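Asker: Quick note: the sequence shown uses the numbering used here, first residue 1155, plus one each step.
Beta carbons are placed, not taken as given, at the ideal position from N, Cα and C, and that holds for glycine.
The structure presented is a predicted model; accordingly, all values stated were derived computationally and were not measured.
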Amino acid sequence: MTDALSESIGALGPGALTEASVQRHIFPLFAGVLANEFIYLANHSLGRPLDQTAEDLREAFTLWQKKLGDAWEAWLPAQESHRARIATLIGAQRADCIVPKTSAGQGLRTVLNALPGKPKVLTTRGEFDSVDFILKQYAAVGRIDLTFVELEEDGRFDVERLMDAVRGGQGGVDLVVVSQVMFMTGQIVPGLDELATVCHAAGARLLVDAFHAVGVIPVDVTAMGADCMIGGSYKYLRGGPGACFLYLSPEMLASGLMAPLDIGWFAKENPFLFARPEPPRFAAGGDAFLESTPSVFSYYQARAGQRFVLAVGVDRLRAYGLDRLRRLKQCLEDVGVAVEGADEDHGAFLTLQHKDAMQLAQILAEKGVHTDARSRWLRLCPDCLTLEEEMHRAAEAVASVLQKH
């Protein structure tokens, strides 16, 4: 595909990103969102979209408008391309291991509903609200047995606690659910490959929430050994809401352990033959977990952001992202504000602990600096579009607000 995105990234050339090269080659791809006058440090929440995204959505609509039912001839290949790009982004062996979902929580429910019996689930107190909420409700209605592993007092998580709980779990553990990057603190959880080994030795399966990892740090789900992964395009892949995924490993798909329940007619063997065998016959591999008529517009909505990350490269974006984080951290320290992050142990955002963090985020937004907060952590996330001059102004705003609170 040749378009402004391909041409700009091609002109960017190889090598490390700099503010000058980004302004010259990448900024023109984001002219629409860069017209905003406020400073945006909430890229960990909702990523800034490329201008190309509007064109991609227009393409999907035009197909509908002009071809009506025949639009499926283009829409269905778009779904497969979407799956293939996600597979590349997370290091999956096959595109059919990717099951499109409209939310990461939907992917979690798919796994919970497909496991036999009443699964014993082990997780942490640091999982995102949606995951936490779903697991607690499944436990409340007797669908799973649920055990939590606590965080450290400072909010950090030690994966050894999960390993010990798996090894010593009375009655065994069937499924372990953990984030690759913790959403409140930005901590990158190390040793997930070791955790996978411990899980498999104990007969358990590992599900990793990679929402705050994909597009931020290199992700290799195959090397990690995770059985399942959930994530989406809302944040760092710049694809907006609704373009999420569930990954099921080839081994998990071949094991016969999971019985597809969250399904629709696209999960059937040869769905367009409209045969109705009893019992149902499923499509091969991950296609057996497809649902009903897919949300095809989400594939077009997510396309430009996925292409952007793949074209620039996660390694280069990570290196430049750390540069932005370190510069912002220094700006904050220069005005007397201490924050955590900006190192190899954290993801894409800085955190500032404060009892009124959510109120601070609201006040900062009124001052033209958009951040957000989760519990007692104020989160600040520059991206490749963030200029150093904006960081200085944002740091001054944060210091000013903190002086009054």
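Taking contact to mean 3 or more Cβ pairs, one atom from each stretch, closer than 8 Å, check whether the stretch 1492-1508 and the stretch 1473-1483 are in contact.
Answerer: Verdict: yes, contact present.
Asker: Mind checking who S1449 pairs with in its DSSP beta bridge?
Answerer: Residue mapping note: residue 1449 aligns to position 295 of the sequence shown, counting from 1. DSSP lists no partner for S1449.
Asker: Whose C-beta lies closer than 8 Å to the C-beta of V1343 among residues of the same chain, with five residues either side of it excluded?
Answerer: In the sequence shown, the residue the question calls residue 1343 occupies position 189. Within the same chain, V1343 has close Cβ partners F1311, V1313, V1332, S1333, Q1334, V1335 and M1336.
Asker: Quick one, are the C-beta atoms of F1399 and I1180 less than 8 Å apart?
Answerer: As a position in the sequence shown, residue 1399 is number 245, starting the count at 1. As a position in the sequence shown, residue 1180 is number 26, starting the count at 1. No.
Asker: Please check the pair V1373 and G1245, which I expect to be a contact at CB under 8 Å, by giving their CB distance rounded to whole angstroms.
Answerer: Locating residue 1373 in the sequence shown gives position 219, counting from the first residue. Locating residue 1245 in the sequence shown gives position 91, counting from the first residue. Confirmed, Cβ separation roughly 6 Å.
Asker: Pairs of beta-carbons, one from the stretch 1445-1456 and one from the stretch 1220-1240, closer than 8 Å: are there three or more?
Answerer: Yes, the stretch 1445-1456 touches the stretch 1220-1240.
Asker: Out of W1531, R1470, L1269 and F1420, which has the shortest C-alpha to C-alpha gap to D1308?
Answerer: Position 154 of the sequence shown, counted from the first residue, corresponds to residue 1308. Of the candidates W1531, R1470, L1269 and F1420, the one whose C-alpha sits nearest the C-alpha of D1308 is W1531.
Asker: Look up A1429 in the DSSP assignment and say whether it is helix, strand or coil.
Answerer: For the purposes of this step, residue 1429 is taken as residue 275 along the sequence shown, with counting starting at 1. DSSP places A1429 in coil when its eight states are reduced to three.
Asker: Which runs of the alpha helix (DSSP H) fall wholly inside the stretch 1180-1237 and span at least 4 residues, in chain order?
Answerer: Correct list: 1185-1188 and 1205-1221.
Asker: Quick one: grab the DSSP three-state call for C1538.
Answerer: For the purposes of this step, residue 1538 is taken as residue 384 along the sequence shown, with counting starting at 1. Coil at C1538, not helix or strand.
Asker: Using the three-state DSSP reduction, which class does M1338 fall into: helix, strand or coil?
Answerer: Position 184 of the sequence shown holds residue 1338. In this structure, M1338 counts as coil in the three-state DSSP scheme.
Asker: Please confirm if the stretch 1363-1378 is in contact with the stretch 1204-1213, defined as three or more CB-CB distances below 8 Å between the two stretches.
Answerer: Verdict: no, contact absent.
Asker: Here's a check: name, in chain order, each residue in its chain whose Cβ is nearer than 7 Å to the Cβ of R1461, leaving out the five neighbours to either side.
Answerer: Stepping through the sequence shown from its first residue, residue 1461 is reached at position 307. So the list reads L1159, once near-sequence residues are dropped.
Asker: State yes or no: is the beta carbon of Y1401 nearer than 8 Å to at least one beta carbon in chain C?
Answerer: Annotation note: the requested chain C is absent from the structure, which comprises a single protein chain.
Asker: Quick check on the burial criterion: 16 or more other C-beta atoms within 10 angstroms. Buried or exposed for F1428?
Answerer: On the sequence shown, position 274 is the one that residue 1428 refers to. F1428 comes out exposed.
Asker: Output needed for P1254: all residues of its chain with C-beta closer than 7 Å, excluding positions within five of it in sequence on either side, in chain order.
Answerer: For this step, residue 1254 is matched to residue 100 along the sequence shown. For P1254, where only same-chain residues beyond five positions count, the Cβ hits under 7 Å are Q1233, H1236, R1237, F1399 and P1448.
Asker: Using DSSP with H/G/I as helix, E/B as strand and the rest coil, what is E1405?
Answerer: Within the sequence shown, numbered from 1, the residue matching residue 1405 stands at position 251. In this structure, E1405 counts as helix in the three-state DSSP scheme.
Asker: Leaving aside the five residues before and after F1192 along the sequence, list all residues of the same chain whose C-beta is less than 6 Å from its C-beta, in chain order.
Answerer: Counting from one through the sequence shown, the residue named residue 1192 turns up at place 38. Within the same chain, F1192 has close Cβ partners G1522 and H1524.
Asker: How long is the line joining the alpha carbons of Q1513 and L1556, rounded to whole angstroms?
Answerer: If you number the sequence shown from 1, residue 1513 lands on position 359. If you number the sequence shown from 1, residue 1556 lands on position 402. Their Cα atoms are separated by approximately 11 Å.
Asker: Tell me which residue opens and which closes the alpha helix (DSSP H) that V1285 is part of.
Answerer: On the sequence shown, position 131 is the one that residue 1285 refers to. Note, V1285: alpha helix (DSSP H), D1283 to A1294.
Asker: Where DSSP assigns a beta bridge to K1509, which residues make up the other side?
Answerer: Within the sequence shown, residue 1509 is the residue found at index 355, counting from 1. Answer by DSSP bridge pairing: none, since K1509 is not bridged.
Asker: Leaving out the 5 sequence neighbours to the left and right, which residues in its chain are closer than 8 Å to D1416 when beta-carbon positions are compared?
Answerer: In the sequence shown, the residue the question calls residue 1416 occupies position 262. Around D1416: Q1260, R1263, T1264, N1267, A1268, F1443 and E1445.
Asker: Quick one: grab the DSSP three-state call for A1532.
Answerer: Along the sequence shown, one-based indexing puts residue 1532 at 378. Reading off the sequence shown, one finds Leu at residue 1532, where the question assumed Ala. In this structure, L1532 counts as strand in the three-state DSSP scheme.
Asker: For A1527, does the three-state DSSP call read helix, strand or coil?
Answerer: Position 373 of the sequence shown, counting from 1, holds the residue named residue 1527. Strand, per DSSP.
Asker: Using the beta-carbon count (16 or more within 10 Å), is V1375 buried or exposed?
Answerer: For the purposes of this step, residue 1375 is taken as the residue at position 221 of the sequence shown. Under this definition V1375 is a buried residue.
Asker: Write down every uninterrupted run of the alpha helix (DSSP H) in the stretch 1372-1425 whose length is 4 residues or greater and which is fully enclosed by it, in chain order.
Answerer: Counting only runs of 4 or more, we get 1375-1378 and 1404-1409.
Asker: Using the C-alpha atoms, what's the distance from D1510 back to A1228?
Answerer: Within the sequence shown, residue 1228 is the residue found at index 74, counting from 1. Within the sequence shown, residue 1510 is the residue found at index 356, counting from 1. Answer to the nearest angstrom: the Cα atoms are 50 Å apart.
Asker: When you compare only the Cα positions, how much space is there between L1195 and E1487?
Answerer: Locating residue 1195 in the sequence shown gives position 41, counting from the first residue. Locating residue 1487 in the sequence shown gives position 333, counting from the first residue. One C-alpha to the other measures close to 17 Å.
Asker: With distances taken Cα to Cα, identify the nearest neighbour of K1558 among D1537, E1543, I1517 and Y1292.
Answerer: Position 404 of the sequence shown holds residue 1558. Here the closest residue by C-alpha is I1517.
Asker: List the endpoints of the continuous beta strand (DSSP E) containing V1332.
Answerer: Here the question's residue 1332 lines up with position 178 in the sequence shown. Run containing V1332: L1329 to S1333, per the beta strand (DSSP E) assignment.
Asker: What is the DSSP secondary structure of L1171, reduced to helix, strand or coil?
Answerer: Position 17 of the sequence shown, counted from the first residue, corresponds to residue 1171. Three-state DSSP puts L1171 in coil, outside helix and strand.
Asker: Excluding the 5 residues flanking A1165 on each side, which residues of the same chain have their C-beta closer than 7 Å to its C-beta?
Answerer: As a first step, residue 1165 must be located in the sequence shown, where it is residue number 11. If we look at A1165 and ignore the five residues flanking it on each side, its Cβ neighbours are H1179.
Asker: Just to confirm my understanding: we take A1551, look at its own chain, exclude 5 residues before and 5 after, and list those with CB closer than 7 Å. What are they?
Answerer: In the sequence shown, residue 1551 corresponds to position 397, counting from 1. Taken in chain order, the residues that qualify are L1518, K1521 and V1523.
Asker: To the nearest angstrom, how far is it from the Cα of L1541 to the Cα of A1465?
Answerer: Counting from one through the sequence shown, the residue named residue 1541 turns up at place 387. Counting from one through the sequence shown, the residue named residue 1465 turns up at place 311. Using only the alpha carbons, I get a separation of about 22 Å.
Asker: Among V1463, G1379 and V1493, which residue has its Cα nearest to the Cα of S1162?
Answerer: Here the question's residue 1162 lines up with position 8 in the sequence shown. With distances taken between Cα atoms, S1162 lies closest to V1463.
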